[in-house]
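For the sequence shown, my numbering assigns the number 49 to the initial residue and increments by one for each residue that follows.
We put the CB at the ideal spot given by N, CA and C, even for glycine.
Fair warning: this is a prediction, and the values are worked out from it, not measured in the lab.
Okay, structure first, notes after.
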Amino acid sequence: MTPADAPSRLTDRAGLPLTGGSLALNFRAVSLLEGIRAAIAVAGTLAAGALLDQPQLALAALGALLACFTDPGGALPARLPPMLIFGVAGAICLGGFGLLDGASPLLAIPVAGLTIFCCSLARIYGQGGLLTGNLLAVTIVLALDMPTGSPVAALHAAFGFWAGAAEAAILTLALWRIRPFGPARAALADAALALAELARDLAEREADAGGETGFDLHARGHRRAVREAIERARAVTQATLRRRGVASQRANALVLRLATFDQLFGALIALGEEMAARGADDPAARRALAGIGDLLGAMAPELEAGRTLDTAPLRAGLEALRGTVSSAKGDPALRRPLAAALDRLSVLITVSNAPGVTAADEIVPPDLMATILGPLRSNLSLASVPLRHALRSMLVAIPALAFVAWLGNPFGHWLAITVILVLQPHFSATWIRAIERVGGTAAGGLVAAAIGLLVHTRLELAVAMVPLTLFAFAVRGVNYSAWVVLLTPMIVLLIEQIDPGANQWVVAASRVGFTLAGGILAVAANLVLWPSFEGNRLGAARRDAIAAHRAYLVAAFAHLTADAPPPEAARRQAGLASNNLEASIARVMMEPHRDDDPLLRAAIVTDAALRRTAGRLAALALEPRPEAAARAGCRAWAEALAAWFDPDLPDPPPLPPPVGLPAIDDGLARLARQAELVREPVTSETIA
């Protein structure tokens, strides 16, 4: 790679794209079980209604479909509560708002708006709350389109909806109960594959004559992906063990392997930093890195299947790597992180104890009241992005619902539904989601119309739903735009069951038209009502990242100069802070901005410098503890560097002299250079 092509690759490999996830494909997210569940719950219920001549079972199919949407994935403790809560709350909303709309539409619309506010605020409880809240809002919109004339009719509709949602929850319990550790094992396998990609890319990386651009791209792209994979695995593992308990061999193996992956990640970060610092081509190190990638890639399917890693091929592969490293005569500075990486691989294979980690340490029983009230208290302010988003959703939904009621179009509810689903807390996410949803809906509308030309009876429509739901839910996590394309014909066919006789072309065209109008309205609302531009938060994200790396620096030097434990927790927090900074930069780049925006340019420079800082600290953590005299010099450097990484300190002290150990002195000099890069934009910003 040459410096000339660095800018074009920055937006690609760095994870800072100008266009986002609609084109991203994740084929490991294919889930046949999700497809089977949806096919049984939705298409099976529709088929039963057609065979028994019970069209009201279409409401049960609707409840099952929306309940399948609310499933956030992962371990059963994370999957079932949103589905069960949605089933009960959705039934209440469907029956209650249908009854209220039949009695007084003028009262039903503002009450629906207030309820949509609460549903939108539910995102403060994580992915499960976000999905459940959004789909409850969708249920409210549909209920206003199905007014009932009596409490008995409302109760029948609510019971049918609840029965469908309960069916989906029962199927979830039946299909995933037999593999209670499956989600955690799959998440560990994803972490292994992310580490494998990091190692392989590092093996192919070459130093640039004009600087460290290639390694900057590697760090920003791959370290972010690995940290996210490890944190996902951590969350799924903790949820699994809260349900299953920690007193088992499988529980201990999960936690120990997770901790070992994180330690292996640290060793590979240190190795990448040493390679970037020296710029020398070390064939043995590159062969070892490629072998580490291959070994991790071979471990992934074994981890996901729950099979032992202590096999002859994996042991032979590890011994071959040890032989490559020990027989080579390359740079000694590369041997230390390589040896640490191979030690962690050995732990993975033998599942011996990762230092300082037990299964019980990973599980902290949640406080129920704190879990419910804590996020609510912290978001009851207009400074809260989720609260502003909920207010925005309410203020847009009420006139949209009133317009739909006045229009009288049987498919006008797609206008309000699109507004609810497209409207996001941040402007960048809103307009991208609008493009994805409108484009996917238009393509899906053509598919729905084509299917409508081939099937005519209720039973034929139900049969057509089987492959559609099976495939749609199986690939739901692969790509959002493709999912919307499949969702549209599924919804159109379902409406044909609820409202038979409607022309598929009319249904599809109405959905496309109202979806386009809803997308435009959502984008306009995000521009007018409390516009939430990421540029206003980029400075805070950068300061948080600097503070996290300062804490990592203090912990790393405490380990180097005293008896402090390895700085694993501080390294993790620094990595998460860098990921947050890069996500903030990505959102800014997807918003309208000036190409010469000084804050954006400063944030990108700071991000690269902090990634190099983290790499150098990971390398220092692997250095042997120096003698007493050198330790005193290291402590002086730690105090000086901590001051340089403190944005509240206007005049940092001068840097101390070298400590007299070449390997450590080289690392200290590199940390000082990164501190200068980080501090310059911070100082200019605080002065301004």
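Beta carbon proximity, residue i to chain D, threshold 8 Å
i, result
"Ala477", "Looking for chain D here will not work: only one protein chain is present."
For residue i, the nearest candidate out of the options (CA to CA)
i, options, result
"Leu647", "Leu148, Ala688, Ala498, Arg585", "Arg585"
"Leu357", "Arg649, Ala237, Ala656", "Ala237"
"Ala738", "Leu80, Ala98, Leu81, Glu82", "Residue 738 falls outside the range modelled here, since the chain spans only 49 to 736, and no answer is possible."
"Ala464", "Gly561, Leu221, Pro331", "Gly561"
"Trp692", "Arg598, Thr654, Glu279, Gln104", "Arg598"
"Ala690", "Gln621, Asp645, Glu639, Ile594", "Ile594"
"Pro537", "Thr489, Gly583, Phe521", "Thr489"
"Glu322", "Thr118, Asp714, Leu169, Gln104", "Asp714"
"Leu246", "Asp391, Gly341, Phe459", "Gly341"
"Pro615", "Thr220, Pro705, Ala596", "Ala596"
"Gly174", "Pro349, Leu396, Arg506, Asp119", "Asp119"
"Pro336", "Leu316, Glu350, Arg355", "Correcting the residue type first, residue 336 is Ala in the shown sequence and not Pro. Residue Leu316 is the option with its Cα nearest to Ala336."
"Phe605", "Pro674, Leu564, Asn628", "Pro674"
"Pro361", "Ser375, Val373, Ser374, Gly345", "Gly345"
"Leu94", "Arg649, Ile397, Val514", "Val514"
"Gly269", "Ala139, Met637, Gly708, Ala656", "Ala656"
"Ala139", "Trp210, Ala565, Ala156, Ile157", "Trp210"
"Ala589", "Pro579, Ala389, Ala651", "Ala651"
"Ala634", "Ala91, Gly583, Ala520", "Gly583"
"Leu709", "Ala720, Ala677, Pro698, Leu725", "Ala677"
"Glu279", "Ser394, Asp310, Glu252", "Asp310"
"Arg679", "His607, Gly422, Gly623", "His607"
"Ala240", "Leu132, Ile397, Phe117, Gln104", "Ile397"
"Thr288", "Ile420, Ala87, Arg127", "Arg127"
Proximity test, residue i beta-carbon vs the ligand MG heavy atom, cut-off 7 Å
i, result
"Gly422", "Only the bare structure without any ligand can be found here, which leaves the ligand MG out of the picture."
Beta carbon of residue i nearer than 8 Å to that of residue j
i, j, result
"Val274", "Phe229", "no"
"Glu630", "Phe581", "no"
"Arg248", "Ala338", "yes"
"Leu343", "Leu382", "no"
"Ser85", "Ala213", "Per the sequence shown, the amino acid found at residue 85 is Arg instead of Ser. Cβ atoms of Arg85 and Ala213: not closer than 8 Å."
"Glu82", "Ala353", "no"
"Leu601", "Ala686", "yes"
"Ala232", "Leu302", "yes"
"Ala492", "Val533", "Per the sequence shown, the amino acid found at residue 492 is Gly instead of Ala. Yes; because the gap between Cβ atoms is below 8 Å, this pair is in contact."
"Pro704", "Gly681", "yes"
"Ser432", "Ile164", "no"
"Leu169", "Ala448", "no"
"Thr308", "Arg392", "yes"
"Ser195", "Ile446", "Here residue 195 is Pro; the residue named in the question, Ser, does not match the sequence. No, they are not a contact pair."
"Thr372", "Ala325", "no"
"Leu542", "Ala106", "yes"
"Ala281", "Leu306", "yes"
"Leu113", "Phe134", "no"
"Trp462", "Ser558", "yes"
"Pro423", "Ile172", "yes"
"Ile88", "Leu192", "no"
"Ser626", "Leu577", "no"
Q | Touch test, the stretch 426-433 against the stretch 149-158, Cβ-Cβ under 8 Å, three pairs minimum | A | Contact between the stretch 426-433 and the stretch 149-158 is absent, because fewer than three Cβ pairs lie under 8 Å.
**Q.** Continuous beta strand (DSSP E) assignments of at least 3 residues falling wholly in the stretch 335-373
**A.** Within the stretch 335-373, no complete beta strand (DSSP E) run reaches 3 residues.
Q. Would the stretch 467-478 and the stretch 558-576 be scored as touching if the rule is three or more Cβ pairs under 8 Å?
A. In the pairwise beta carbon analysis, the stretch 467-478 is classified as touching the stretch 558-576: at least three pairs are separated by under 8 Å.
Q | Continuous alpha helix (DSSP H) assignments of at least 4 residues falling wholly in the stretch 141-205 | A | Within the stretch 141-205, the complete alpha helix (DSSP H) runs of at least 4 residues are 153-169, 175-192.
Q. How about the stretch 651-670 and the stretch 606-620: do they share at least three Cβ pairs that are nearer than 8 Å?
A. The stretch 651-670 makes contact with the stretch 606-620: 3 or more CB pairs, one atom from each, lie closer than 8 Å.
Q: Could you tell me whether the stretch 198-210 touches the stretch 135-146, where touching means 3 or more Cβ pairs closer than 8 Å?
A: Flag = yes, the stretch 198-210 and the stretch 135-146 touch.
Q: Report yes or no: do the stretch 456-471 and the stretch 181-189 share at least 3 C-beta pairs separated by less than 8 Å?
A: Contact annotation: the stretch 456-471 touches the stretch 181-189, with at least three C-beta pairs closer than 8 Å.
Q.
What ranges does the alpha helix (DSSP H) occupy inside the stretch 551-611, keeping only unbroken runs of at least 4 residues that lie completely in it?
A. With a minimum length of 4 residues, the continuous alpha helix (DSSP H) runs that stay inside the stretch 551-611 are 552-576, 583-609.
Q) What alpha helix (DSSP H) runs, 4 residues minimum, are completely inside the stretch 610-670? A) Listed in chain order, the complete alpha helix (DSSP H) runs (minimum 4 residues) inside the stretch 610-670 are 616-637, 646-669.
Q: May I have a chain-ordered list of the alpha helix (DSSP H) segments no shorter than 4 residues that lie completely inside the stretch 671-722?
A: Taking only runs of at least 4 residues, the alpha helix (DSSP H) segments lying wholly in the stretch 671-722 are 676-692.
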